[in-house]
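Those letters in the sequence shown? Residues -15 to 588, per our numbering, in order.
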Amino acid sequence: MQGPREDRLDRGAGTQRVPPAPGDIRAQLERMIASPEFPNAGHAHAFLRYVVEETLAGRAERIKGYSIAIEVFNRDEGFNQDDPVVRIEAGRLRRTLERYYLIAGQNDPVRIDMPKGKYLPHFAWNESSVAAERPTVAIPFEQKRPLLARASALVPWALAVALGLATLSFWLFTQPASDARLSQTSGPNEPTLVVAPFANLGEGPEANLYTLGLTEELLTALPRFKELKVFGRETSESLPTGVDASHIRGKLGARYLLAGGVRVSDNRVRVTARLLDTATDAILWSETYDDDLRSRGLFAIQTDVAGKVAKAIAQPYGIIGQVNTANPPPDDLDAYGCTLRFYGYRAELSMERHENVRDCLESAVARYPSYATAWAMLSIVYLDEDRFGYNPQSSAPTPLERALKSARRAVELDPDNVRALQALMTALFFNHQLAESMRVGEQALAINPNDTELMGEFGVRLAMGGEWRKGAQVLDQALAFNPGGAGYYHGNRALAAYMVEDYDTALVEIRQANLQKFPLFHLVAAVIYAEKGLMTDARREGATFVAMRPGFLANLVSELNLRNIRPGDQARMIAGIRKAGLAIPPDTTAEKMGPVEESSAPSR
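Structural data, given as structure tokens:
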């Protein structure tokens, strides 16, 4: 006697399969949610359960971004498409589903997917599982005769197809990968990276599982850095372990190769990783990671290692960024070269570099209008016209309007682009939409917790919004990874320490900032030096600031309001500026700001 599943398999053995029944789908849903390989990041469990149950209940037409935002993410009825939470979490859910079926769900009976571009789930039998379960049915020889005759007639055609495929395969594998090169020339010339399958240097099934899982985690973590092009998992899976760097350069045209090995012995795991320049075969970076299986599971270890590797090589101030900055593209107006200039500008924050970077990025988005990263950087540069007074353009719209419009354009082009979300967070902050700014910042960190440029900026926004201690904690995390352009973050960390009366830390941090071409650095330095009794240093820094920004102090309260500094914090800053001996109008006092949202930054 066979059950309903076996009956469906028998009836589905022909050309058309009977789709999974609601009971099969719900059983698969519970199996996935219970699996440790299907983490609940970003409300993944609730998101998946909602779309599955709505579809099974015949209400698929109700599954829209608006309904998901309200039912799953508890947004109020005023939700609009400016809030990217649904798009961001849908992208994360798709990646989680893909990873689950690669690792834990390979032999599950049912597949639940969410095709890109919509929120409707798709249900199907898992072909690898069904093929393993389908019974073999003996066919009598008399019934085989007509089948054999038809097969014989197809032999010449099959041979022709096979010959064609062989020719195509030979051409593909002996010629340079023109599709990869075309993709590089038809868009910005960003650096390209291939992740080779990590070698299994241990024994047993655990070592093999860890090796596969680590490679998959790297292929999930690295593409989140949008300034880097990472070849997909299909390319990685087609490569042997230990592939030569010259092969990657010659066949795929990629500049960098990430390779390594995994050894599992008893309760210990050791991972070695190295980054190679495929043009020279030089090892640019290598690291070894050791961990103990008794304290943490394989999933947690591989996720942690993948994050550390991604931070080291792919963040804006990581190994690849440093190599490319030292050897920029020969074309001075290359679009990717503009992004390198942007990070150089962020490290210095000078008015001279600002104008150069703005012109370069405007040219980049004109030539590549779908280049989300360039739009995001342009948004930040536009914002600097207003908040720093750098090279303002008199024509409408205003810098703040241009910054917000460019940030929204970047997010529209690529909702998972962390630099785009960073730009939107910052533009919203300076447009006095604090609660929304903090939500976008949290969402961006959830997408890529390894991006120290984002992490540092989020810490600054938290601090300026009144969450000085929380902002300082996030800034400390960013600075712990030693980003190359850390001066801006050291300066803001110094201000946060001053605001919580930790003057020793403030002094250490301001001396590490050393942003001589950035006016506000000198103002913060003057206040901190005065608090520490270093009046000669305070007067020197104060004079430098006044020379660089002569109109700032006369409009001090307006400048502090622009930065969302709360009245109590304004009073403290005004007192510190007076203590440093700087001349401000005698009637300058903190005043209630305009229509500013109260920050709803979540606890960290």
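Note that CB positions come from ideal geometry on N, CA and C, so glycine has one too. None of the values given here were measured: they were computed from a predicted structure.
Query, Result
"Quick one, which of Gly226, Gly565, Arg208, Leu202 has its alpha-carbon nearest Asn184's?", "Gly226"
"Report the start-end ranges of each alpha helix (DSSP H) in the stretch 430 to 488 that is 4 residues or longer and not cut off at the edges.", "436 to 448, 452 to 464, 471 to 483"
"Provide the residue span of the beta strand (DSSP E) that contains Phe107, from first to last.", "106 to 109"
"What do you get for Ser222, buried or exposed, if any count of 16 or more other CB atoms within 10 angstroms of its CB means buried?", "exposed"
"Candidates Arg208, Asp435, Gly425: which alpha carbon is nearest Leu412's?", "Gly425"
"What does the alpha-carbon distance come out to for the pair Ala290 and Ala205?", "7 Å"
"Quick one: what does DSSP say Lys102 is sitting in, helix, strand or coil?", "coil"
"Leu537 to Gln406, Cα distance in whole Å?", "29 Å"
"What would DSSP say about Thr262, mapped onto helix, strand or coil?", "coil"
"Exposed or buried, what is Asp435 when buried is set at 16 or more other beta-carbons lying within 10 Å of its beta-carbon?", "buried"
"Can you find at least 3 beta carbon pairs, one from the stretch 509 to 523 and one from the stretch 553 to 568, that sit closer than 8 Å?", "yes"
"Could you please give the first and the last residue of the uninterrupted beta strand (DSSP E) stretch that includes Gly244?", "240 to 249"
"Are the beta-carbon atoms belonging to Ile232 and Leu259 less than 7 Å from one another?", "no"
"Looking at C-alpha atoms only, which residue of Met16, Glu218, Arg217, Pro300 is the closest neighbour of Asn432?", "Pro300"
"Suppose the cutoff is 7 Å on Cβ atoms and the five residues either side in sequence are ignored; what does the same chain contact list for Leu491 look like?", "Ile512, Lys516"
"Could you tell me whether the Cβ atoms of Gly455 and Gly443 are closer together than 7 Å?", "yes"
"For Leu177, report the span of its beta strand (DSSP E) as first-last.", "176 to 179"
"From the DSSP output, in three-state form, read off Pro4 for me.", "coil"
"If you draw a straight line from the C-alpha of Val395 to the C-alpha of Tyr240, how long is it?", "28 Å"
"Nearest-angstrom Cα distance between Ala627 and Ala229?", "The shown model of the chain, from -15 to 588, leaves out residue 627, and the question about it has no answer."
"When burial is assigned at 16 or more other CB atoms within 10 Å of the CB, is Arg12 buried or exposed?", "Note that residue 12 is Gln in the sequence shown here, rather than Arg. Counting Cβ neighbours within 10 Å, Gln12 comes out buried, since at least 16 surround it."
"CB Thr176 to CB Lys213, shorter than 7 Å?", "yes"
"What first and last residue would you give for the beta strand (DSSP E) that runs through Ile96?", "94 to 97"
"How about Val475 and Leu499: do their beta carbons lie closer than 7 Å?", "The residue asked about is misnamed: residue 475 is Gly in this sequence, not Val. Cβ atoms of Gly475 and Leu499: closer than 7 Å."
"Where are the alpha helix (DSSP H) runs, 4 residues long or more, that stay fully inside the stretch 21 to 54, in chain order?", "28 to 40"
"Taking 6 Å as the cut-off, does the CB of Asp486 come closer than this to any heavy atom belonging to the ligand HEM?", "Absent from the structure shown: the ligand HEM. Ligands present: none."
"Quickly, what does DSSP pair Asp571 with across the bridge? List them, please.", "None, per the DSSP bridge assignment."
"From Leu345 to Leu367, what does the alpha carbon distance come to, in whole angstroms?", "14 Å"
"Taking Cβ to Cβ, would you say Ala514 is nearer than 7 Å to Glu493?", "no"
"Could you round the C-beta distance between Ser390 and Leu362 to whole angstroms and report it? I think they count as a contact, below 8 Å.", "5 Å"
"Between Gln496 and Gly560, what straight-line distance do the alpha-carbon atoms span, to the nearest angstrom?", "21 Å"
"Alpha carbon to alpha carbon, how far is Leu81 from His106?", "12 Å"
"With a CB to CB cut of under 8 Å and the five nearest residues on each side skipped, what residues in its chain are close to Lys48?", "Tyr103"
"Run through DSSP, which three-state label would Val56 get?", "coil"
"State the Cα-Cα distance for the pair Asp488 and Glu451, rounded to the nearest angstrom.", "20 Å"
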